[in-house]
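Asks: If you scroll down you'll find the structure; I have some questions about it.
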Amino acid sequence: MSDRYELVLTCPKSLEGLLAEEAAGLGLAEVREQVAAVQGRGDLETAYRLCLWSRLANRVLLVLGRFPVGNPEELYLGVQAVDWQDHLLPTGSLAVEFSGHGSGIDNSHFGALKVKDAIVDQLRRHGGQRPSVDKLNPDLRIHLRLDKGEAVLSLDLSGHSLHQRGYRLQQGAAPLKENLAAAILIRAGWPRIAAEGGALADPMCGVGTFLVEAGMMAADLAPNLRREHWGFSRWLGHVPALWKKLHAEAEARAAAGLSRPPLWIRGYEADPRLIQPARNNIERAGLDSWVRVYQGELATFEPHPDRGQSGLVVCNPPYGERLGDPASLLYLYQHLGERLRSQCQGWEAAVFTGAPELGKRMGIRSHKQYALWNGALPCKLLLFKVVPEQFVTGRNEPAPSQARMIGGQLVERPPAVRSEPARLSEGGQMFANRLQKNLKTLGKWARKEGIECYRLYDADMPEYALAVDLYRDWVHVQEYAPPRSIDPEKAQARLLDALAAIPQALDIDPARVVIKRRERQAGKKQYERQDQQGRFMEVGEGGVRLLVNLTDYLDTGLFLDHRPLRLRIQKEAAGKRFLNLYCYTATATVHAARGGARSTTSVDLSKTYLDWARRNLALNGFSDKHRLEQADVMEWLEADRGEYELIFIDPPTFSNSKRMEGVFDVQRDHVRLLDLAMARLARGGVLYFSNNFRKFQLDPGLEQRYAVEEISAQTLDADFARNPKIHRAWRLQAKQD
C-alpha cells in the first residue's frame with residue numbers, strides 16, 4: 001500500500017474553511033475545500049493525528065479508489081478492483097454507508113447492497129468464507145459516495161462520528177453538537193483569549209458543552225483522547241505502534257496542560273435539573289478542576305466576582321425553533337444585552353442564534369457575524385466587543401475607573417457604565433406613544449370605575465397587530481397571526497419593535513409581560529395548554545374576586561369584553577335561578593351569586609374549566625346552591641327539566657371535543673341551541689346570548705318566535721369601543737300573549 005493517501009474529512013456545512021485550516025495545521029497537505037468536507041493528502045500518521053486531534057471533523061475517510069460508474073454492474077466491478085484481503089479478514093464484519101444516486105442506482109439501500117456484495121463475493125472466492133454485516137460495531141466501515149457518475153470509495157477511520165467525544169452522556173433539550181460548539185469558540189477567538197490567560201463564562205450553559213470544549217482547548221486536551229473504539233482498530237492496514245506513539249504524545253500534552261493553573265471557566269444554568277448532568281459531563285472530560293457550574297438565573301449572571309476578570313462570554317440562547325416562540329424570547333435577549341453592558345465591560349461576547357433579529361435587540365452592535373448551520377437550521381454567530389462605543393442605548397454615564405493586577409503590572413479596567421434600556425426603533429417609539437396615549441385615557445376611566453383588568457390596545461395601528469391587556473401590574477399580549485400577504489420577516493420585526501416598547505411605555509418589568517399568538521382555534525386546540533406554570537392570580541371586578549392564569553392557556557379565564565354583560569347579570573340576578581351554558585370558568589356565575597341569585601347551574605364539557613369555576617366560587621364564599629355540571633350542553637338541555645329566570649349563553653364558534661358527539665358550529669347550530677334553552681326559560685325570564693364569530697348572522701326565524709333585542713352596543717365598555725365587532729349580544733324573552 002502507498003505511504004500517502006487521499007484523505008477526506010467530513011464536517012457540518014459551513015465549517016469547511018475552519019476545518020481546512022485545522023487540518024493543514026495537523027499535517028494534511030494539498031488541502032481543498034468541498035461541500036461539508038475537506039480533501040487532502042497525508043500519510044497514516046497524519047490520518048491518525050486528524051482522528052485524535054480534529055475538533056471540527058465528523059469523520060476521517062481514507063480513499064481506497066475513484067472510478068466512473070455508468071450502471072450498477074460498473075459499481076460492482078469498481079469495488080471489486082480493490083484487493084479487500086489487505087483490509088478485512090474473511091471472518092470479519094463490515095458495514096456499508098452509501099450516498100448519492102444516478103447511473104441506474106435510485107436509492108442508497110440498493111447502492112449499499114451492491115458495494116457489500118462486491119466485497120463479500122471477492123473475499124469468499126479467495127478463502128471460501130464471507131464476512132458478516134454488523135451495522136453497529138463492524139470491523140470495517142466502508143463509505144461510497146456517488147456523484148455525477150463518479151464513485152469515491154473510502155474506509156472510515158473514525159468509526160462513530162468524531163463529534164461524539166464520549167463525555168456527554170447526558171444532555172439537555174436542545175444541545176449543540178460538540179464540533180459545532182468548538183467551531184463557535186474558535187470563531188469567537190477563544191484560543192487567543194485562553195493563551196492570554198482570559199476567562200470564559202456561559203450564562204445559559206445547559207449541560208456544559210461550551211465549557212468542556214473550551215476547557216479542552218485551554219488545557220491542550222486532544223478532543224478524542226478518551227475514545228476507546230476506532231474505525232481503524234480492526235483494519236488490517238492499522239499500525240498499532242504508530243497509533244500508540246501518537247496517543248502517548250497526546251497523553252503527555254494533556255498531563256502537562258492540566259498541571260498548569262486552571263483558567264476561570266464558569267457556567268450558569270437556571271434549570272436545576274441540568275446542573276448535575278453538566279457536572280457529570282465535566283468530570284467525565286477530566287476537567288472538574290478547571291470548570292465550574294452554578295445554578296442561577298440570567299439576572300444573577302456576574303462573570304467576574306473579583307471584578308478583575310476579562311475574557312469571553314459565549315452562549316446559545318433559545319431562539320424559537322428549539323424551546324419557545326421567538327416573540328416570547330425578546331426580553332431574554334434584551335436582558336442578556338443588559339447584563340453584558342452592565343457586568344462585562346471590556347469582555348468579548350459570542351451569541352449563537354437561529355433568530356438574528358432577536359440578536360439585534362441586545363443593545364450592542366456586533367462587529368462580526370458568521371453564517372453557520374445547526375443541523376438543517378440556518379443560524380448566525382454574532383460577535384461583540386462589550387465596550388461603550390458599541391452600545392446602541394440611551395445615555396451612558398461612566399463611573400470612576402478601577403485597576404487590576406495582571407502579571408505584576410497595574411492595568412486600568414474600563415469604567416463601569418450605567419446600563420439603560422435599548423433605544424426603540426422609529427416604529428417602536430410610535431407604538432410606545434400610542435400605548436401611553438391610551439393608558440392616559442383608559443387608565444383614568446378604569447380607576448374611576450374600579451376596573452383592574454382592561455384592554456389597552458387592540459390593533460389600533462394596523463401594522464402592529466396585537467391585543468394588549470392589563471391585568472393589574474401584568475401585561476397580557478396576543479399577537480394576531482399576520483395574513484399570508486405580509487412578509488414574515490417584516491411582521492416579526494414589527495412584533496419585536498412593539499414588544500420592546502411595551503415595558504418602556506408602561507414602565508413595567510419585562511418579566512411581567514406574557515406573549516401569545518392568537519390564531520383560529522378549532523376543536524381540541526381551544527383547550528390545549530400553552531404552558532405548565534400553574535400560576536394563578538386574583539383580580540377584582542364588580543365586587544367579586546376572580547382567578548386568572550396568564551401563561552398556561554390561550555385565554556386567561558376572564559373574557560374582558562363580557563365585563564358589561566357580567567355586571568348586568570349581577571344586577572338582575574336577585575332571587576332568580578341562573579343557568580350559565582358553556583360556562584368556561586363561571587365568572588358570570590360568580591357575578592350572579594354575588595347579585596343574590598336563588599341558585600345557579602353552570603354547564604361545560606371541560607373538567608379543567610369546571611375545576612377553575614369551583615375555585616372561583618369558593619374564592620367568593622359560594623358553594624352550597626351552585627351546581628357545576630360536566631356535560632355536552634345540547635345533550636344536557638335535552639335531558640334537563642328545570643326552569644330558570646335568567647340564562648346566559650356564550651358558546652364557542654366551533655367545537656369538536658372528543659367528549660361530545662359530532663361537531664358544534666355556532667352559525668349552523670344556534671337555532672336549535674336557543675330553542676332548547678328557551679324551553680327552559682321560566683315565565684317572564686330573560687336569556688342573554690352572545691358570541692364572537694365575526695360573520696355570525698342571527699336566524700330571522702328566531703324573531704318570529706321570541707322577543708329578540710340586539711344589545712351589542714350596550715355590552716361594550718370604553719376599552720372595547722374601538723372594536724365593536726369583538727362580540728355580538730342579544731336579549732331574548734318569550735313573546736307576550
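Everything in the sequence shown is counted per UniProt numbering, starting at 1 for the first residue and increasing by one.
A virtual CB, placed ideally from N, CA and C, is assigned to each residue, including glycine.
Hey, is the region 38-56 in contact with the region 102-110, meaning 3+ C-beta pairs nearer than 8 Å?
Replies: No: fewer than three Cβ pairs fall under 8 Å.
Asks: So, at 8 Å on beta carbons, what are the nonlocal neighbours of K13 in its own chain, with the 5 sequence-adjacent residues on each side left out?
Replies: The residue labelled residue 13 in the question sits at position 13 within the sequence shown. Same-chain partners within the cutoff: V35, A36, W373.
Asks: Please report the distance separating the alpha-carbon of K625 from that of P564.
Replies: Translated into positions along the sequence shown, residue 625 becomes position 625. Translated into positions along the sequence shown, residue 564 becomes position 564. Their backbone Cα atoms lie some 24 Å apart in a straight line.
Asks: Answer with buried or exposed for Y294, where buried requires no fewer than 16 other C-beta atoms within 10 angstroms of its C-beta.
Replies: The sequence position of residue 294 within the sequence shown is 294, counting from 1. The residue is exposed, with fewer than 16 neighbouring Cβ atoms inside 10 Å.
Asks: What are the residues that DSSP puts in a beta bridge with L628?
Replies: Within the sequence shown, numbered from 1, the residue matching residue 628 stands at position 628. Paired residue(s): S602.
Asks: Between F431 and Y464, which are expected to be in contact by the criterion C-beta below 8 Å, what is the C-beta distance as a whole number of angstroms?
Replies: Translated into the one-based positions of the sequence shown, residue 431 becomes position 431. Translated into the one-based positions of the sequence shown, residue 464 becomes position 464. The pair is a contact, with the Cβ atoms about 5 Å apart (cut-off 8 Å).
Asks: According to DSSP, simplified to helix, strand and coil, what is H476?
Replies: Numbered from 1 along the sequence shown, position 476 holds the residue referred to as residue 476. Here H476 sits in strand by DSSP.
Asks: Considering only the alpha carbon of each residue, which of A679, E645, N316, N620 lies closest to W636?
Replies: Against the sequence shown, residue 636 aligns to sequence position 636. Of A679, E645, N316, N620, the residue nearest in Cα terms is A679.
Asks: Assign E22 to buried or exposed, taking buried as 16 or more other Cβ atoms, counted over all protein chains shown, within 10 Å of its Cβ.
Replies: Residue numbering aside, residue 22 sits at position 22 when the sequence shown is read from its first letter. Buried, because 16 or more other Cβ atoms sit within 10 Å of the Cβ of E22.
Asks: On the DSSP bridge assignment, give the partners of L153 in chain order.
Replies: For the purposes of this step, residue 153 is taken as the residue at position 153 of the sequence shown. G65, L144, per the DSSP bridge assignment.
Asks: Which residues mark the beginning and the end of the alpha helix (DSSP H) in which Q667 is found?
Replies: For the purposes of this step, residue 667 is identified with residue 667 of the sequence shown, where counting begins at 1. Note, Q667: alpha helix (DSSP H), 666-678.
Asks: Can you tell which of P191, S93, N580, Q276 has the C-alpha that lies nearest to the C-alpha of Q170?
Replies: By one-based count along the sequence shown, residue 170 stands at place 170. It is Q276 whose Cα lies nearest to the Cα of Q170.
Asks: Can you tell me which of the three DSSP states Q736 falls into?
Replies: Position 736 of the sequence shown, counted from the start, is the residue given in the question as residue 736. Looking at Q736 - three-state DSSP - the assignment turns out to be coil, as it is neither helix nor strand.
Asks: Going by DSSP, what residue range makes up the alpha helix (DSSP H) through K114?
Replies: In the sequence shown, counting from the first residue as 1, residue 114 sits at position 114. Start and end: 108-127.
Asks: Residues in its own chain within less than 6 Å of A588 by CB, not counting five upstream and five downstream?
Replies: Residue numbering aside, residue 588 sits at position 588 when the sequence shown is read from its first letter. Counting only Cβ-Cβ distances below 6 Å, and skipping sequence neighbours, we find R566, I569, N580, F648.
Asks: Considering only C-alpha positions, which residue in the set D497, L263, I502 is nearest to P191?
Replies: Position 191 of the sequence shown holds residue 191. Of D497, L263, I502, the residue nearest in Cα terms is L263.
Asks: Alpha carbon to alpha carbon, how far is P414 from T300?
Replies: On the sequence shown, residue 414 is found 414 positions in, with the first residue counted as 1. On the sequence shown, residue 300 is found 300 positions in, with the first residue counted as 1. Here P414 scores only 37 on pLDDT, less than 50, and its place in the model should not be relied on; the value that follows carries that caveat. So the two alpha carbons sit approximately 21 Å from each other.
Asks: Residues bridged to M537 by DSSP?
Replies: In the sequence shown, residue 537 corresponds to position 537, counting from 1. Paired residue(s): V548.
Asks: Since C11 contacts W230 with CB under 8 Å, what's their CB separation in whole angstroms?
Replies: Reading the sequence shown from its first residue, position 11 is the one you call residue 11. Reading the sequence shown from its first residue, position 230 is the one you call residue 230. About 18 Å; that fails the 8 Å criterion.
Asks: Where does T441 land, buried or exposed, given buried means 16+ other C-beta within 10 angstroms?
Replies: Locating residue 441 in the sequence shown gives position 441, where the first residue counts as 1. Flag for T441 reads exposed.
Asks: Could you tell me the alpha carbon to alpha carbon distance between L506 and L439, rounded to whole angstroms?
Replies: Locating residue 506 in the sequence shown gives position 506, counting from the first residue. Locating residue 439 in the sequence shown gives position 439, counting from the first residue. Going from the Cα of L506 to the Cα of L439 covers about 8 Å.
Asks: What is the rounded straight-line gap between the Cα of V633 and the Cα of Q704?
Replies: Stepping through the sequence shown from its first residue, residue 633 is reached at position 633. Stepping through the sequence shown from its first residue, residue 704 is reached at position 704. Roughly 24 Å between the two C-alpha positions.
Asks: Going by alpha carbons, who is nearest to M217 out of A181, L28, Y688?
Replies: Your numbering for residue 217 matches position 217 in the sequence shown. Among A181, L28, Y688, the Cα nearest to that of M217 is on A181.
Asks: Quick one: using the 10 Å Cβ neighbour count with 16 as the cut-off for buried, is G354 buried or exposed?
Replies: If you number the sequence shown from 1, residue 354 lands on position 354. Flag for G354 reads buried.
Asks: Grouping DSSP H, G and I as helix and E and B as strand, with all else coil, what is D202?
Replies: For this step, residue 202 is matched to residue 202 along the sequence shown. Strand at D202.
Asks: Between the region 277-287 and the region 327-339, do three or more beta carbon pairs fall short of 8 Å?
Replies: No, they do not touch.
Asks: Among S289, G701, P72, N692, which has the Cα closest to the Cα of D675?
Replies: Counting from one through the sequence shown, the residue named residue 675 turns up at place 675. The option with the nearest alpha carbon to D675 is G701.
Asks: Can you tell me whether DSSP reads F696 as helix, strand or coil?
Replies: Taking the sequence shown and counting its residues from 1, the one referred to as residue 696 is at position 696. If DSSP states are grouped into helix, strand and coil, F696 belongs with coil.
Asks: Using the three-state DSSP reduction, which class does E528 fall into: helix, strand or coil?
Replies: Walking along the sequence shown from the start, residue 528 turns up at place 528. Confidence in E528 is poor, its pLDDT being 49 and thus under 50, which makes the residue's placement too unreliable to answer from.
Asks: Tell me the rounded alpha-carbon separation between residue 739 and G100.
Replies: No answer is possible for residue 739: it lies beyond the span of the chain, which begins at 1 and ends at 737.
Asks: Considering just the uninterrupted stretch of the beta strand (DSSP E) at V79, what are its terminal residues?
Replies: Locating residue 79 in the sequence shown gives position 79, where the first residue counts as 1. Premise fails: V79 lies in the alpha helix (DSSP H), 72-80, not in any beta strand (DSSP E).
Asks: Look at the alpha carbon of E643 and the alpha carbon of F578, and state the distance between them as a whole number of angstroms.
Replies: To locate residue 643, count along the sequence shown from 1; it is residue 643. To locate residue 578, count along the sequence shown from 1; it is residue 578. One C-alpha to the other measures close to 9 Å.
Asks: Using 10 angstroms around the beta-carbon of D497, count the other beta-carbons present and answer buried if the total reaches 16, otherwise exposed.
Replies: For this step, residue 497 is matched to residue 497 along the sequence shown. D497 should be labelled buried.
Asks: Find the nearest neighbour of E348 within the set A376, L358, L382, judged by alpha-carbon distance.
Replies: Your numbering for residue 348 matches position 348 in the sequence shown. Ranking A376, L358, L382 by Cα distance to E348 puts L382 first.
Asks: Where does R395 fall in DSSP's three states?
Replies: Within the sequence shown, numbered from 1, the residue matching residue 395 stands at position 395. Annotation note: pLDDT 40 at R395 (below 50); position unreliable, no value reported.
Asks: Can you tell me whether L470 is helix, strand or coil according to DSSP?
Replies: On the sequence shown, position 470 is the one that residue 470 refers to. If DSSP states are grouped into helix, strand and coil, L470 belongs with the strands.
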